[in-house]
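Worksheet for the structure shown next.
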Amino acid sequence: MDRWIGLLNVSLTGGGGCGGGGPLFRVAASLLLSPSSKTLAVQIPSPPSPPSPPLKTLIKFPNPSPPPPWDQVPSVNAILFNGDRVEGTGDPVIEKLSDPRNVAEILVSKLGGAANAWVVDASTFAGSFAVYKELVPTVNSRGDPRRYRPNGLPASSSIVSILTKCVDQIQSMVSGERIPSPQLQTTSPRTIILGFSKGGVVVNQLLTELAFAASESPRSSNNSASSSTPRETKYHIVPTTKERLLFSIAEFHYVDVGLNCAGAYLTDRAVIKKIADHLLLRNASIRFGLHGTPRQWCDDYRPWIRKEKDTLKQLLEDEARRCGGKLQVLERVYLSNKPPSLQMHFEIIELMDIS
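Each residue of the sequence shown is one higher than the one before, counting from 0 in numbering that gives the first Met the number 0.
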């Protein structure tokens with residue numbers, strides 16, 4: 000199966016490429032290509048069946064010519080947000096799993112060939128500390144969150160901009176020119192959000208924004224896929240508005256998240272309740288995965304990490320009982336028989352079960 004695999008640098012300001020002038024996000028991508036055109040694979044609606052002849056007629060219609068072969072299309076965008084930089088360890092496992100291209104390929108291997116995978120690094124680093132200031136404006140100079148607020152939906156709007164600019168760059172590379180989106184009414188692939196280590200702050204921010212968007216405009220969430228006419232709707236490989244992104248999210252995964260302060264896991268009961276209400280209203284579902292190692296969950300110097308994880312798990316389980324099967328939560332610990340280490344913190348990327 001043909002794929003485009005590479006690294007991109009995009010800015011939220013200015014044009015679609017790296018010349019925008021603002022801080023650059025490094026993004027690794029592994030995207031499905033169409034075998035027939037060697038461009039990015041898109042979801043094309045199946046061709047309509049030929050009309051059936053009237054019942055009482057002797058007219059014989061010729062057999063229709065067979066439709067052209069339809070390429071496999073992406074069914075999901077998996078977006079992982081990385082944490083702090085770890086360099087110069089000399090450990091081959093850490094070095095391998097610090098390369099975002101390798102992480103993107105691991106995500107594809109777990110989710111199947113119809114997945115598009117994106118691995119996003121923060122645009123700014125304070126030394127080795129990742130600072131997601133555009134996505135989580137309340138972080139301090141070291142990237143630690145003071146609180147999570149939905150005002151302006153900064154994470155979802157920034158992610159849409161980052162992915163859209165990445166798609167523009169890749170389309171130019173694989174075709175030699177920017178490809179206009181076909182004017183087709185279709186649905187987007189679903190979205191899976193993963194936060195690794197400090198990247199969990201983006202998961203928390205997106206949950207806060209989803210709760211706000213769902214409670215602020217519940218009708219728009221119900222009709223988000225059908226609010227435009229076919230003439231106005233363009234196919235998109237990635238969601239093209241912040242609302243479409245938020246309402247396309249099917250799974251959230253915390254992957255060995257942890258901070259040197261409180262805020263690694265979301266513990267706001269009101270946010271989780273609003274998300275559960277949103278699922279009941281839309282007859283939708285979301286799955287939460289809590290993945291950890293002794294490195295984070297058994298750290299005696301940072302006991303708040305496990306306490307926050309346990310609090311979030313309890314909040315999710317409470318709402319899961321109210322929602323039936325619409326909200327699912329799973330908890331998995333990896334390498335539990337080994338002493339805490341930096342290597343296991345990275346090994347979880349290969350070991351995590353997100354099937």
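Ideal Cβ placement from N, Cα and C applies to all residues, glycine included.
In this text, all values refer to a predicted model and were calculated from it rather than measured experimentally.
Looking only at its own chain, which residues have a Cβ that is under 6 Å from the Cβ of residue i, when we skip the five neighbours before and after it?
| i | result |
| --- | --- |
| PRO188 | PRO73, SER74, VAL75, ASN76 |
| LEU96 | PHE345, ILE348 |
| ALA261 | TRP303 |
| LEU6 | ALA27 |
| GLY21 | SER10, LEU11, THR12 |
| SER127 | ASP83, ARG84 |
| ASN101 | LYS95 |
Check each candidate in the options and name the one with the smallest Cα separation from residue i.
| i | options | result |
| --- | --- | --- |
| TRP3 | ASP267, GLY87, PRO91, GLU104 | GLU104 |
| VAL159 | THR240, ILE169, HIS290, VAL173 | THR240 |
| PRO99 | GLY82, LYS109, GLY87 | GLY82 |
| GLU215 | LEU258, MET343, LEU193, GLY151 | GLY151 |
| VAL119 | ILE192, LEU278, VAL138, MET172 | ILE192 |
| LEU329 | ASN101, LYS164, GLU250, ARG305 | GLU250 |
| ALA263 | PHE195, SER284, LYS132, SER171 | PHE195 |
| THR123 | LEU265, VAL138, SER340 | VAL138 |
| LEU162 | VAL332, TYR333, TYR253, LEU79 | LEU79 |
| ASP90 | LEU341, ASP352, MET351, SER354 | LEU341 |
| MET343 | TYR253, GLY323, LEU39, PRO293 | PRO293 |
| GLN168 | PRO149, ASN8, SER354 | ASN8 |
| VAL130 | PHE246, GLY199, LYS109, CYS165 | GLY199 |
Per DSSP, residue i forms a beta bridge with which residues?
| i | result |
| --- | --- |
| PHE124 | ALA129 |
| PRO144 | VAL138 |
| VAL26 | LEU7, VAL119 |
| HIS252 | LEU193, GLY288 |
| ILE78 | TRP117, ILE192 |
| LEU32 | LEU39 |
| ARG2 | LEU31 |
CB-CB under 7 Å to residue i, same chain, minus the five flanking residues each way: which ones, in chain order?
| i | result |
| --- | --- |
| ALA154 | LEU134, VAL135, VAL201, GLN204, LEU205, GLU208 |
| LEU23 | ASN8, VAL9, SER10, CYS17, SER122 |
| SER227 | Residue placement at SER227 is poorly supported in this model, since its pLDDT is 39, which falls under 50; the coordinates are not used for a value here. |
| ALA125 | SER140, ARG141, GLY142 |
So, at 8 Å on beta carbons, what are the nonlocal neighbours of residue i in its own chain, with the 5 sequence-adjacent residues on each side left out?
| i | result |
| --- | --- |
| ARG331 | GLY288, LEU289, HIS290, GLY291, MET351, ASP352 |
| SER157 | LEU11, GLU133, LEU134 |
| THR88 | GLU94, LEU341 |
Examine the Cβ distances between the segment 107–115 and the segment 281–295 and report whether three or more of them are shorter than 8 Å. no
Mind listing, in chain order, the continuous alpha helix (DSSP H) runs of no fewer than 4 residues lying wholly within the segment 303–336? 303–322
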